[in-house]
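**Q**
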Amino acid sequence: MGIIHRIRRSLSVRVSLWVVLFAAGIFVAALSFLFYQSREAIRQEAINRATQILDKTSLRVEGILNRVEVASNMTRWLVEQHTDNPGTMFVLSRDMMLNNPDFYNCSIAFEPYHFPEEGLYFSAYTKHEGDSIRTIQGGSDSYKYFYMDWYLMATLSNKPCWTEPYIDYDAPTGTYEMVTSYCQALKDGDGQIIGVINTSLSLNWLSNTISDAKPYPNSYSIMTGRGGTFFVHPDSTKLTCQSIFTQSLEHPDTAAIALGHAMQRGEEGMKRMDVNGKYCYVFYKPLGKTGCSMAIVCPESDIFSGFNRVRHAVTSIVCAGLLLMLYIFIRVITRELSPLHQLAEEAEHIASGQFDAKLPDFKRIDEIGQLSNSFADMQQSLVRYIEELKDTTAQKASIDRDIRIASAIQMGMLPDKFPTRADRDDVQLYASLTPAKDVGGDLFDFYFRDEKLFFCIGDVSGKGVPASLFMAVTRAVFRTVSVQESMPHNIVMTMNRTMAGMNKIHMFVTLFVGVLDLPTGHLHYCNAGHDAPLLVGDGIGQLPCDTNIPVGFMPSWKYTPQEAQINTGTTIFLFTDGLTEAMNREKAQFEMSRVNEVAARALAEKQQEPRQLIDRMTDAVHQFVGDAEQSDDLTMMAVQYIRPKSDVLMRERISLTNDVSETRRLNAFVEGICARLQLDNIFTARMKVSVEEAVVNVMKYAYPAGQRGEIEIEAAANATRLRFTITDSGKPFDPTIQQQADTTRPARERAIGGLGIHIIRQNMDSMNYERADGRNILTLRKTLPPLTANKVKKLKG
Amino acid sequence: MKTTIQELDGKMIAMLEGSLDTAAAAETEEAMRPLNDVEGKDIIIDCTLLEYISSAGLRIFLGILQNAQEKGGHVYIKGINEKVREVFSITGFCNIFEFIS
Numbered sequence: 028m029g030i031i032h033r034i035r036r037s038l039s040v041r042v043s044l045w046v047v048l049f050a051a052g053i054f055v056a057a058l059s060f061l062f063y064q065s066r067e068a069i070r071q072e073a074i075n076r077a078t079q080i081l082d083k084t085s086l087r088v089e090g091i092l093n094r095v096e097v098a099s100n101m102t103r104w105l106v107e108q109h110t111d112n113p114g115t116m117f118v119l120s121r122d123m124m125l126n127n128p129d130f131y132n133c134s135i136a137f138e139p140y141h142f143p144e145e146g147l148y149f150s151a152y153t154k155h156e157g158d159s160i161r162t163i164q165g166g167s168d169s170y171k172y173f174y175m176d177w178y179l180m181a182t183l184s185n186k187p188c189w190t191e192p193y194i195d196y197d198a199p200t201g202t203y204e205m206v207t208s209y210c211q212a213l214k215d216g217d218g219q220i221i222g223v224i225n226t227s228l229s230l231n232w233l234s235n236t237i238s239d240a241k242p243y244p245n246s247y248s249i250m251t252g253r254g255g256t257f258f259v260h261p262d263s264t265k266l267t268c269q270s271i272f273t274q275s276l277e278h279p280d281t282a283a284i285a286l287g288h289a290m291q292r293g294e295e296g297m298k299r300m301d302v303n304g305k306y307c308y309v310f311y312k313p314l315g316k317t318g319c320s321m322a323i324v325c326p327e328s329d330i331f332s333g334f335n336r337v338r339h340a341v342t343s344i345v346c347a348g349l350l351l352m353l354y355i356f357i358r359v360i361t362r363e364l365s366p367l368h369q370l371a372e373e374a375e376h377i378a379s380g381q382f383d384a385k386l387p388d389f390k391r392i393d394e395i396g397q398l399s400n401s402f403a404d405m406q407q408s409l410v411r412y413i414e415e416l417k418d419t420t421a422q423k424a425s426i427d428r429d430i431r432i433a434s435a436i437q438m439g440m441l442p443d444k445f446p447t448r449a450d451r452d453d454v455q456l457y458a459s460l461t462p463a464k465d466v467g468g469d470l471f472d473f474y475f476r477d478e479k480l481f482f483c484i485g486d487v488s489g490k491g492v493p494a495s496l497f498m499a500v501t502r503a504v505f506r507t508v509s510v511q512e513s514m515p516h517n518i519v520m521t522m523n524r525t526m527a528g529m530n531k532i533h534m535f536v537t538l539f540v541g542v543l544d545l546p547t548g549h550l551h552y553c554n555a556g557h558d559a560p561l562l563v564g565d566g567i568g569q570l571p572c573d574t575n576i577p578v579g580f581m582p583s584w585k586y587t588p589q590e591a592q593i594n595t596g597t598t599i600f601l602f603t604d605g606l607t608e609a610m611n612r613e614k615a616q617f618e619m620s621r622v623n624e625v626a627a628r629a630l631a632e633k634q635q636e637p638r639q640l641i642d643r644m645t646d647a648v649h650q651f652v653g654d655a656e657q658s659d660d661l662t663m664m665a666v667q668y669i670r671p672k673s674d675v676l677m678r679e680r681i682s683l684t685n686d687v688s689e690t691r692r693l694n695a696f697v698e699g700i701c702a703r704l705q706l707d708n709i710f711t712a713r714m715k716v717s718v719e720e721a722v723v724n725v726m727k728y729a730y731p732a733g734q735r736g737e738i739e740i741e742a743a744a745n746a747t748r749l750r751f752t753i754t755d756s757g758k759p760f761d762p763t764i765q766q767q768a769d770t771t772r773p774a775r776e777r778a779i780g781g782l783g784i785h786i787i788r789q790n791m792d793s794m795n796y797e798r799a800d801g802r803n804i805l806t807l808r809k810t811l812p813p814l815t816a817n818k819v820k821k822l823k824g
Numbered sequence: 022m023k024t025t026i027q028e029l030d031g032k033m034i035a036m037l038e039g040s041l042d043t044a045a046a047a048e049t050e051e052a053m054r055p056l057n058d059v060e061g062k063d064i065i066i067d068c069t070l071l072e073y074i075s076s077a078g079l080r081i082f083l084g085i086l087q088n089a090q091e092k093g094g095h096v097y098i099k100g101i102n103e104k105v106r107e108v109f110s111i112t113g114f115c116n117i118f119e120f121i122s
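Here the protein sequences come in this chain order: F and A.
Going letter by letter, the first sequence gives residues 28 to 824 in my numbering.
Going letter by letter, the second sequence gives residues 22 to 122 in my numbering.
Below, the structure is given as structure tokens:
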């Protein structure tokens, strides 16, 4: 595992291994071929050599055997010349042995009583005895030669032959010797067999002679007779008593049997076979006409010993060479690649964030040098990019933070306090705004001025920061303009002019502006390209809206004023297109039909109060959209009007002309009202000055100078409030939008005028202007002091 | 509405009596006109008997004050009742006039 890991980790080891493996492959191929060829050559050489030796040995053996035969024949001829002289037999026998010192013995034996004078036995027997030659008469009662094999074979077959090996017992010395004999019958002139001449060769001697023929140190020769009997074998115990087949009787060995048969048949050849567990080459050849066969057994290990030595040496050298090569390669490649290692370490440093790490200078111009240079370039670029990235990230974080703050500012701009039932009994209102991004382009706003609810809803084209800026501008302009203007179409027109003047990027905002007169439920409104609001009250219906055009790009557009009477309990539901165009995953839109459905259901369940309605609508949209991303800002606002119950306890009127001297009558009227309500002096003075200022204002501005006009004042009171309604039929004039007087400036800078309105606002709870039926209606309201306090003050006074 | 102007110890003293409403404003302004011609003298407007004042009356007071300040004079208001003081205070006039008792 460790080694594999190291190989995988180290390029030098891997490359070296590949090279060495490749080299090893080539060596194996080349050496295999060489070894195979050499082996074949050696084998061939061994065959040649063995065959040569075999031929030589066989020639020699044949020579010996021939010599035996020739000597035997010659002696036979001589014996047959002197068949009547026993003494000659000893001489002939002795001569034969003298002439052939390598023969073992020689017997010239005769038929019983052939020489009557010699008795039953006569055999001239000569044998070497050390360096001398001993010749004796060999037949005796203890050695009845005519029963011997050699004697019987010669006489019975009546032709010369070689005996199978047998043990010759030498009576005088008492020694045994393994011999083979050439025997032939002696005949007289009539052809009658008279004896046998027998010439023996010591098998021991023959064996030694043959054994000299040793082509290899451990090779040996064997010689078999006709029946396969071993004549010559290095293991002398096998001689005469074992044949070549003996061993295969116990262990069947086809190779050995085949060899035996081949040798018996007198064939010549070579066999490779297992002999006593060793592979040997056996070369065999018949020995002339003796019927014997000779074989040389050469152990394979002998034949190939030199070859194997060379092979082992070469293999060892090659292996050692390859190992050395591997070592050197690893060292060389490691040294060559060591800069890469350094580079890798530096790269790790750089990767860990140390961009100022110094790269080593290898002063090389090869690929590694190029790599090092490229790496240095890369490092510099990296440092630069990282710096840029840091800046960019920091900038982005800063922008994100700014956007979050902007979002908070934007949300802070929108009113988040909605009047509760405890706050107001005449109107309920709720709104919600969900931007699609951090900042959005939708807006809504509302506020109460005098007895009016000013409200608007708008949708700036586009989304995100630009839309949000435009939204902020729109909302600010709405507030600024609506403070000085009570008619929605005038508010929208002024906003349009103002915003078109500063709109250089062609953004626009669809806007719906409404002003609901709370005492009467009269709604003035103006639509600038926005979705028409829904009225949820006596059924569901859309508020009829002129489309006009969105605000912000055509300053000259004349927006049309519209008005409607809102019944008590009716909810005005305003929304942006984020509601109708809310999309689910399937890109289907929420549609107006669903808005209507939700509203209808809410109405049916008497849940049309602003908060309930918007919550229901929000739930419905969420259910519809599911987990799809919000595509557009979604804003809803609902206004429910509730007409205050009228419980007027007192109502009085007075009619005046537009003459300031009429203020005396007016003051008397107001004093009378206050007196009836048992109000104290201070309260009375406040009412007096307020009503006087309001009426004088109308006298001054509603009618052109010199034009006579009527002004009607109605005073009405219930248990809690006192109300003055000042009505005239002059030109439209809204005192509530007069510039407020600045009461903090020094005398020199103070304008004369505007103080009257200021006094009214300070003294009264509300001052409300309405233009209806061609008349200006100005309403002043004041909460009466608690009855108990009133009484206490009166008692004091 | 009754307006009396007299000089006492080098100071011009205007006595106002009654209700200074819009109807009375023109008349009172006319009666107070001599105060505009005064050079280098302080003016005291005695409101002890002034019952009521509207913005038209305040306008007359402001006119007198601006005129006097241009000439380096002072305008003092004396003895205003609670109702009138309230109008002064609502309009911020209490900040620009000097009051004496």
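Note that the Cβ used here is the ideal one computed from N, Cα and C, for glycine as well.
Find the nearest neighbour of Met22 (chain A) within the set A:Ile111, A:Ile121, A:Ser75, judged by alpha-carbon distance.
**A** Position 1 of the second sequence, counting from 1, holds the residue named residue 22 (chain A). Of the candidates A:Ile111, A:Ile121, A:Ser75, the one whose C-alpha sits nearest the C-alpha of Met22 (chain A) is A:Ser75.
**Q** Please look up how many angstroms separate the CB atoms of His95 (chain A) and Glu60 (chain A), rounded, as I've assumed it's under 8 Å.
**A** The count along the second sequence starts at 1 and reaches residue 95 (chain A) at position 74. The count along the second sequence starts at 1 and reaches residue 60 (chain A) at position 39. With 8 Å as the limit, His95 (chain A) and Glu60 (chain A) do not qualify as a contact, their Cβ atoms being about 13 Å apart.
**Q** May I have the straight-line CA-CA distance separating Ile787 (chain F) from Arg612 (chain F), to the nearest angstrom?
**A** By 1-based counting over the first sequence, the position of residue 787 (chain F) is 760. By 1-based counting over the first sequence, the position of residue 612 (chain F) is 585. Computed Cα separation, rounded: 58 Å.
**Q** In the DSSP assignment, find the unbroken alpha helix (DSSP H) run with Val625 (chain F) in it and report its ends.
**A** One-based indexing of the first sequence puts residue 625 (chain F) at position 598. Where Val625 (chain F) is concerned, the enclosing alpha helix (DSSP H) stretches over 618–631.
**Q** Three or more C-beta pairs under 8 Å: does that hold for the region 738–750 of chain F against the region 666–684 of chain F?
**A** Short answer: they touch.
**Q** Counting only beta-carbon separations shorter than 8 Å, does Ile709 (chain F) have a partner in chain A?
**A** Translated into the one-based positions of the first sequence, residue 709 (chain F) becomes position 682. It does; some Cβ of chain A falls within 8 Å.
**Q** Go through the region 669–741 of chain F residue by residue and report every complete run of the alpha helix (DSSP H) that reaches 4 residues or more, in order.
**A** The qualifying runs are 690–703, 708–728.
**Q** In chain order, which continuous runs of the beta strand (DSSP E) of length 3 or greater are located wholly inside the region 52–139 of chain F?
**A** Whole beta strand (DSSP E) segments, 3+ residues: 132–137.
**Q** Name the chain A residues that come within less than 7 Å of Ser688 (chain F), Cβ to Cβ?
**A** The residue labelled residue 688 (chain F) in the question sits at position 661 within the first sequence. Correct list: Ala44.
**Q** Sorry if obvious, but does the Cβ on Val536 (chain F) come closer than 7 Å to a heavy atom of the ligand NAD?
**A** What this structure holds is no ligand at all, so the ligand NAD is not there to describe.
**Q** Would Ser248 (chain F) pass as a contact of Ser227 (chain F) if the rule is Cβ separation under 8 Å?
**A** On the first sequence, position 221 is the one that residue 248 (chain F) refers to. On the first sequence, position 200 is the one that residue 227 (chain F) refers to. Contact: no.
**Q** Hey, Met522 (chain F) and Val508 (chain F): beta-carbon distance below 8 Å or not?
**A** Working through the first sequence from its first residue, we reach residue 522 (chain F) at position 495. Working through the first sequence from its first residue, we reach residue 508 (chain F) at position 481. Going by C-beta atoms, Met522 (chain F) is nearer than 8 Å to Val508 (chain F).
**Q** Is there at least one Cβ from chain D nearer than 8 Å to Gly783 (chain F)'s Cβ?
**A** Among the protein chains of the structure shown, namely F and A, there is no chain D.
**Q** When you compare each of F:Tyr306, F:Ala322, F:Cys319, F:Leu349 to Phe331 (chain F) by their alpha carbons, which one comes out closest?
**A** Along the first sequence, one-based indexing puts residue 331 (chain F) at 304. Considering only alpha carbons, the answer is F:Tyr306.
**Q** State whether the region 73–84 of chain F contacts the region 349–367 of chain F, with contact taken as three or more CB pairs (one from each stretch) at a distance under 8 Å.
**A** Result no; under three Cβ-Cβ pairs closer than 8 Å.
**Q** Note down the Cα distance separating Leu119 (chain F) from Leu105 (chain F), rounded to an integer number of angstroms.
**A** The sequence position of residue 119 (chain F) within the first sequence is 92, counting from 1. The sequence position of residue 105 (chain F) within the first sequence is 78, counting from 1. For Leu119 (chain F) and Leu105 (chain F), the distance between alpha carbons rounds to 8 Å.
**Q** By DSSP, does Asp41 (chain F) sit in helix, in strand, or in coil?
**A** Position 14 of the first sequence, counting from 1, holds the residue named residue 41 (chain F). Sequence check: residue 41 (chain F) is Arg here, not Asp. The answer is helix: DSSP assigns Arg41 (chain F) an H, G or I state.
**Q** So, helix, strand or coil for His549 (chain F), using DSSP?
**A** Taking the first residue of the first sequence as position 1, residue 549 (chain F) is located at position 522. Three-state DSSP puts His549 (chain F) in a strand.
**Q** Give the secondary structure of Asp827 (chain F) by DSSP, where H, G and I count as helix, E and B as strand, and everything else as coil.
**A** No answer is possible for residue 827 (chain F): the residues shown for chain F start at 28 and end at 824.
**Q** Which residues in chain A sit within 7 Å of Gln705 (chain F), going by Cβ to Cβ distance?
**A** Your numbering for residue 705 (chain F) matches position 678 in the first sequence. Result: empty, since nearest Cβ-Cβ is about 18 Å, beyond 7 Å.
**Q** With a threshold of 6 Å on Cβ separation, who are the neighbours of Val457 (chain F) within its own chain once the five nearest residues in sequence on each side are excluded?
**A** In the first sequence, residue 457 (chain F) corresponds to position 430, counting from 1. Strictly speaking, residue 457 (chain F) in this sequence is Tyr, with Val absent from that position. Phe445, Pro637, Arg638, Ile641, Ala665, listed in sequence order.
**Q** Could you give the residue range of the beta strand (DSSP E) that holds His155 (chain F)?
**A** Looking up residue 155 (chain F) in the first sequence gives position 128. His155 (chain F) -> beta strand (DSSP E) spans 150–156.
**Q** Do we get a CB-CB distance below 8 Å when we pair Ile786 (chain F) with the residues of chain A?
**A** What you label residue 786 (chain F) is simply residue 759 of the first sequence in a count that begins at 1. Chain A, which has a Cβ nearer than 8 Å to the Cβ of Ile786 (chain F), makes this yes.
**Q** Given a limit of 8 Å on CB to CB distance, which residues of the region 93–107 of chain A reach chain F?
**A** So the close ones are Glu103, Lys104, Glu107.
**Q** Measure from the alpha carbon of Ala283 (chain F) to the alpha carbon of each residue in F:Gln269, F:Arg292, F:Lys298, then state which is nearest.
**A** Here residue 283 (chain F) corresponds to residue number 256 of the first sequence, with the count starting at 1. For Ala283 (chain F), the nearest C-alpha among the options comes from F:Lys298.
**Q** Does the region 58–73 of chain A come into contact with the region 28–45 of chain A, if we say contact requires no fewer than three beta-carbon pairs (one atom in each stretch) closer than 8 Å?
**A** These segments touch.
**Q** Nearest to Ser459 (chain F) by CA position, among F:Lys633, F:Arg506, F:Met644, is which residue?
**A** Residue mapping note: residue 459 (chain F) aligns to position 432 of the first sequence, counting from 1. Comparing Cα-Cα distances from Ser459 (chain F) to each of F:Lys633, F:Arg506, F:Met644, the minimum goes to F:Met644.
**Q** Hey, quick one: how far does the alpha helix (DSSP H) through Cys346 (chain F) stretch, first residue to last?
**A** As a position in the first sequence, residue 346 (chain F) is number 319, starting the count at 1. That run of the alpha helix (DSSP H) goes 332–378.
**Q** Count the other C-beta atoms from every protein chain shown that fall within 10 angstroms of the C-beta of Trp45 (chain F), then say buried if there are 16 or more, exposed otherwise.
**A** Locating residue 45 (chain F) in the first sequence gives position 18, where the first residue counts as 1. Label assigned to Trp45 (chain F): exposed.
**Q** Give the interface partners of Leu71 (chain A) over in chain F, defined as CB-CB distance under 8 Å, in chain order.
**A** Within the second sequence, residue 71 (chain A) is the residue found at index 50, counting from 1. Those do not exist, as Leu71 (chain A) stays about 12 Å from chain F at its closest Cβ, beyond 8 Å.
**Q** Let me confirm a value: Glu478 (chain F) is counted as buried when at least 16 other C-beta atoms fall within 10 Å, else exposed. Which label applies?
**A** Translated into positions along the first sequence, residue 478 (chain F) becomes position 451. Glu478 (chain F) comes out buried.
**Q** Please report whether the beta-carbon of Ile117 (chain A) lies at a distance below 8 Å from any beta-carbon of chain F.
**A** Start at 1 with the first residue of the second sequence, and residue 117 (chain A) comes out as number 96. By this cut-off, Ile117 (chain A) is an interface position.
**Q** Have a look at Val723 (chain F) and Gly468 (chain F) and give me their C-alpha separation to the nearest angstrom.
**A** Position 696 of the first sequence holds residue 723 (chain F). Position 441 of the first sequence holds residue 468 (chain F). Rounded to the nearest angstrom, the two C-alpha atoms are 45 Å apart.
**Q** What is the rounded straight-line gap between the Cα of Gly93 (chain A) and the Cα of Cys115 (chain A)?
**A** Indexing the second sequence from 1 puts residue 93 (chain A) at position 72. Indexing the second sequence from 1 puts residue 115 (chain A) at position 94. Each residue's Cα considered, the two are about 19 Å apart.
**Q** Could one say the Cβ of Ser75 (chain A) lies closer than 8 Å to chain F's Cβ atoms, at least one of them?
**A** Taking the first residue of the second sequence as 1, we reach residue 75 (chain A) at position 54. Ser75 (chain A) counts as touching chain F.
**Q** Thr597 (chain F) and Tyr668 (chain F) look like a contact to me (Cβ under 8 Å); what is the Cβ gap, rounded to whole Å?
**A** Within the first sequence, residue 597 (chain F) is the residue found at index 570, counting from 1. Within the first sequence, residue 668 (chain F) is the residue found at index 641, counting from 1. Yes, Thr597 (chain F) and Tyr668 (chain F) are in contact; Cβ-Cβ is about 6 Å, under 8 Å.
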